[in-house]
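Right, one structure below, let's go through it.
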């Protein structure tokens with residue numbers, strides 16, 4: 011999920027679910043970096059407030075909608091019963107609210123992008139990375 015292909019006719023969209031590593035306070039970030047590593051879009055958030063992260067890739071032909079998304083959230087984009095069974099649905103009573111802190115940053119030079127990718131690499135050292143080739147029950151009811 012760390013690279014994007016060129017627009018491809020007939021490409022079937024892909025969705026990847028993540029549990030991101032955070033610092034000692036749960037702060038984390040995600041970056042979309044161009045191939046030259048001199049431009050990046052960054053999202054900063056707290057994993058206690060937004061514990062679920064989804065990456066959506068649709069590298070279909072341009073006329074069909076080449077698009078991507080980085081989506082920090084309180085739940086994954088599964089059917090609500092699936093998310094409710096995993097205690098990821100936040101129920102608010104009338105008048106209640108749920109507050110999150112989300113930062114959006116744009117970088118347009120290689121030095122700044124390198125600092126961001128170094129920051130991500132540092133966070134990744136805090137936990138063992140696991141990549142599942144098929145959906146797992148913790149994230150979804152879908153079967154691979």
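In our numbering, the protein residues as written are 11 to 154.
Note that the Cβ used here is the ideal one computed from N, Cα and C, for glycine as well.
Considering only residues of the same chain and omitting the five flanking positions on each side of residue 40, which have a CB-CB separation below 6 Å?
Taking the first residue of the chain shown as 1, we reach residue 40 at position 30. The answer, listed in chain order, is 53, 80.
Between the segment 114-126 and the segment 86-96, do at least 3 Cβ pairs fall closer than 8 Å?
no
Pairing CB atoms from the segment 137-154 with CB atoms from the segment 43-57, are three or more of them under 8 Å?
no
Residues of its chain near residue 130, where Cβ-Cβ distance is below 7 Å and the 5 sequence neighbours each way are ignored:
Within the chain shown, numbered from 1, the residue matching residue 130 stands at position 120. Only 39, 41 meet the Cβ criterion.
Start-to-end residues for the beta strand (DSSP E) that takes in residue 81
To locate residue 81, count along the chain shown from 1; it is residue 71. Counting along the chain, the beta strand (DSSP E) containing residue 81 begins and ends at 77-83.
May I ask which residues mark the beginning and end of the beta strand (DSSP E) holding residue 115?
Counting from 1 along the chain shown, the entry for residue 115 is found at position 105. Where residue 115 is concerned, the enclosing beta strand (DSSP E) stretches over 112-117.
Would you call residue 69 buried or exposed, if buried means 16 or more other Cβ atoms sit within 10 Å of its Cβ?
Counting from 1 along the chain shown, the entry for residue 69 is found at position 59. By the 10 Å Cβ count, residue 69 comes out buried.
CA-CA distance, residue 62 and residue 73?
Within the chain shown, numbered from 1, the residue matching residue 62 stands at position 52. Within the chain shown, numbered from 1, the residue matching residue 73 stands at position 63. Near 31 Å, if we compare the C-alpha coordinates of residue 73 and residue 62.
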